[in-house]
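**Student:**
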Amino acid sequence: MESEFYRLKRLPPYVFAEVNAMKARARAAADDIIDLGMGNPDQPTPQHIVDKLVEAARNPRAHRYSMSRGIPGLRKALAGYYQRRFNVDLDPETECIVTLGSKEGLANLASAITSPGDILLVPNPSYPIHPYGFIIAGGSVRHIPVIPNDDLLTALKRAVKHSVPKPVALVLNYPSNPTALIADLDFYGQVVDFCRFHGIYILSDLAYAEIYFDIEPPPSILQVPGAKDVAIEFTSMSKTYNMPGWRIGFAAGNKTLIHALSRIKSYLDYGAFTPIQVAASAALNGPQECVEEIRQLYKDRRDVLIEGLEAAGWSVPCPPATMFAWAPIPPAFAHLGSLEFSKLLLRDAKVAVAPGIGFGEHGDGHVRIALVENRHRIRQAVRNIKQFLGSYDKVLENAEKEKVIGA
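Just remember that the numbering used here sits 1026 ahead of the position in the sequence shown, which is counted from 1.
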């Protein structure tokens, strides 16, 4: 029986599916594909965190249902992290909640606060759950273009002025996936003042708070006086501690939004496995040298990638944060768009990247390159790309000569 389900009809075809299918076919043919597409940390979780998981899992009492809003010890650990890192005071009971990764928290909060027809403001390009969490919930997304020479705050004011009904919420994501853009407290302050005035909630995604290079540590929007009146912030263990598969994240801030998320989650899950939460508490409360080591790892990989691509003739901005490079498509290939260019890279350079169109229409001039392979493999990827670019230069040069001869 064939049916068109309402929520599925609102979702476009999965942009990454074509590249993923090509990647699978290439690997089945024994091609050596260097996969820089998905932001999936490749290093093991620090040993002391794993040891705490094993220790907690040996206790039979930990095998029972957990708590959907998180065990008290982990919520206290999150509050402690915010105090140390941002000098922000949080009440673990009313201003903190544990999520199954930041993605789950964002999606469930969207479901909790969105009515059919509500307008939500989301930057474009952006991580897919930012718009589609609201679309799945029945809302209408107004995209705020993140483009050169256009200040986001100006674009935000323009979007609110021309939105009917008034927007319910705004999503922010700094450091940004996929663009690696960063924000400062002055920017956050202006956004908080604007949203408080207009009665708009702010959902800040701070998943890459600890992956930064050569800059001051990224701030939290909750550092702004009065931010808790309108803002909730999502963080994650995935990138900071190499714990992507553990599925542990958090939300903190506005009590009304925390309560809404808690109520929705109470119907949907019993929380993460208790030993995972105990281990996450140990990560936040324990030695933090591993965080610096992870940060340095990505910095070293970033430098190899950016310097190598520059030498290969592909100029890519050096990302100040995140585990991604947001790479403009080389001019000779710009007419293809990001999906076709990604397919060419995969076919001819054996390098998989994420097409920018998967992050929104304003991302189509870029591809996202993830720093998820070691330096040796990244150097190999750069060599492959250099050869690819060189061979296409010759193809284009010959085509131009043929045009001249034909004329």
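Think of the CB as a built atom: it goes at the ideal place given N, C-alpha and C, for glycine as much as any other residue. Model, not experiment: these values are computed from the prediction.
With a threshold of 8 Å on Cβ separation, who are the neighbours of S1094 within its own chain once the five nearest residues in sequence on each side are excluded?
**Tutor:** S1288, K1291, S1292, L1294, D1295, Y1296, G1297
**Student:** How is the alpha helix (DSSP H) around I1155 delimited, first residue to last?
**Tutor:** 1155-1162
**Student:** Return helix, strand or coil for E1318, following the three-state DSSP convention.
**Tutor:** helix
**Student:** State the start and end residues of the unbroken alpha helix (DSSP H) segment that holds R1099.
**Tutor:** Checking the displayed sequence, the identity of residue 1099 turns out to be Gly instead of Arg. Taken as a continuous stretch (DSSP letters only), the alpha helix (DSSP H) holding G1099 covers 1098-1112.
**Student:** Could you check if M1349 is buried or exposed, using at least 16 other CB atoms within 10 Å of its CB as the buried criterion?
**Tutor:** buried
**Student:** Terminal residues of the continuous beta strand (DSSP E) containing D1219?
**Tutor:** Premise fails: D1219 lies in the alpha helix (DSSP H), 1211-1224, not in any beta strand (DSSP E).
**Student:** May I ask you to list the residues that DSSP assigns as paired with L1198?
**Tutor:** S1230
**Student:** Could you pull the DSSP bridge partners for Y1238 from this structure?
**Tutor:** A1347
**Student:** CB A1088 to CB T1261, shorter than 8 Å?
**Tutor:** no
**Student:** Quick one: grab the DSSP three-state call for R1168.
**Tutor:** strand
**Student:** What are the boundary residues of the alpha helix (DSSP H) that includes F1367?
**Tutor:** Segment 1364-1370, the alpha helix (DSSP H) holding F1367.
**Student:** Just to check my reading of the structure: Y1238 and A1347 have Cβ atoms closer than 8 Å, yes? What is that Cβ distance to the nearest angstrom?
**Tutor:** 4 Å
**Student:** Assuming L1371 contacts I1383 (C-beta within less than 8 Å), just tell me the rounded distance between them.
**Tutor:** L1371 to I1383, Cβ: 14 Å. No contact.
**Student:** Leaving aside the five residues before and after A1433 along the sequence, list all residues of the same chain whose C-beta is less than 6 Å from its C-beta, in chain order.
**Tutor:** With a pLDDT of 39 at A1433, under the threshold of 50, the modelled position of this residue cannot be trusted; read the value that follows with caution. Cβ neighbours of A1433 beyond the five flanking positions: none.
**Student:** Using only the alpha-carbon positions, how far apart do D1212 and P1201 sit?
**Tutor:** 15 Å
**Student:** Count the other CB atoms within 10 Å of the CB of Q1413; is the residue buried (16 or more) or exposed (fewer)?
**Tutor:** exposed
**Student:** Report the partner residues of N1150 according to the DSSP bridge assignment.
**Tutor:** P1171
**Student:** Residues in the same chain with beta-carbon distance under 8 Å from V1217, minus the five sequence neighbours each way, listed in chain order, please.
**Tutor:** L1179, L1182, L1196, L1198, I1228, I1247
**Student:** Which value, in whole angstroms, describes the spacing of the CA atoms of A1050 and V1041?
**Tutor:** 15 Å
**Student:** Quick one, are the C-beta atoms of F1160 and A1136 less than 8 Å apart?
**Tutor:** yes
**Student:** Sort P1072, A1375, A1054, P1244 by Cα distance to A1305 and report the nearest one.
**Tutor:** P1072
**Student:** By DSSP, does A1052 sit in helix, in strand, or in coil?
**Tutor:** Assigned with DSSP and collapsed to three states, A1052 falls in helix.
**Student:** Any idea if M1269 is buried or exposed, counting beta-carbon neighbours within 10 angstroms, 16 or more meaning buried?
**Tutor:** Around the beta carbon of M1269, 16 or more other beta carbons lie within 10 angstroms, which makes this residue buried.
**Student:** For R1328 versus L1397, is the C-beta spacing smaller than 8 Å?
**Tutor:** yes
**Student:** Would you tell me roughly how many angstroms separate the C-alpha atoms of G1131 and R1053, rounded to the nearest one?
**Tutor:** 34 Å
**Student:** Give the secondary structure of R1090 by DSSP, where H, G and I count as helix, E and B as strand, and everything else as coil.
**Tutor:** coil
**Student:** Leaving out the 5 sequence neighbours to the left and right, which residues in its chain are closer than 6 Å to L1037 when beta-carbon positions are compared?
**Tutor:** none
**Student:** Look up H1188 in the DSSP assignment and say whether it is helix, strand or coil.
**Tutor:** coil
**Student:** Helix, strand or coil for W1352? Go by DSSP, reduced to three states.
**Tutor:** Correct three-state label for W1352: strand.
**Student:** To the nearest angstrom, how far is it from the Cα of D1068 to the Cα of G1339?
**Tutor:** 28 Å
**Student:** Roughly how far, in whole angstroms, is the beta-carbon of V1148 from the beta-carbon of P1142, given that I think they are within contact range, below 8 Å?
**Tutor:** The pair is not a contact, with the Cβ atoms about 17 Å apart (cut-off 8 Å).
**Student:** Short of 7 Å in beta carbon distance, which residues of its chain neighbour E1004, apart from the five on each side in sequence? Order them along the chain.
**Tutor:** Given that the chain is displayed from residue 1027 to residue 1433, the structure contains no residue 1004 and the question cannot be resolved.
**Student:** Tell me the rounded alpha-carbon separation between I1097 and I1139.
**Tutor:** 24 Å
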